[in-house]
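K.L.:
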Amino acid sequence: AFRLQQLEGHILSKNKITTMAGSPSPLTTHVLNTAAGVPGSNMTIKLYQQDSVTKVWQLINTG
C-alpha cells in the first residue's frame, strides 16, 4: 500500500499541472516476458487518472 501511495504522489502532483505533451514524462515502465526471460514487446500501455470526487477513471494517454 505504501508503494501505491508513492506512485500516486508522483502521478497526481498537487503542486503542478502539466500535460504529457508539454514536458518529458517522469513515468516509465518495464515489462518482462517471464516465460522467455526477455523484455516484453508490442505492449500497449494506458495511463488513467481517478477523479478524487466521483472515483471515475479517465484515460489520460496511450502509448
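So for the sequence shown, the numbering used here puts the first residue at 14; every next one is plus one. Glycine included, C-beta positions come from ideal geometry on N, C-alpha and C.
Might you give, ordered along the chain, the residues of its own chain that have their beta carbon closer than 6 Å to the beta carbon of Thr75, omitting 5 neighbours on each side?
P.N.:
For the purposes of this step, residue 75 is taken as the residue at position 62 of the sequence shown. Cβ neighbours of Thr75 beyond the five flanking positions: Lys59.
K.L.:
Can you tell which of Gly50, Leu72, Val69, Glu21 has its C-alpha closest to the C-alpha of Pro39?
P.N.:
As a position in the sequence shown, residue 39 is number 26, starting the count at 1. Per the Cα distances, Glu21.
K.L.:
Just how far apart, CA to CA, sit Met56 and Ala48?
P.N.:
The residue labelled residue 56 in the question sits at position 43 within the sequence shown. The residue labelled residue 48 in the question sits at position 35 within the sequence shown. Each residue's Cα considered, the two are about 16 Å apart.
K.L.:
What span of residues does the beta strand (DSSP E) with Leu40 cover, start to end?
P.N.:
By one-based count along the sequence shown, residue 40 stands at place 27. Note, Leu40: premise wrong, no beta strand (DSSP E); not H, not E.
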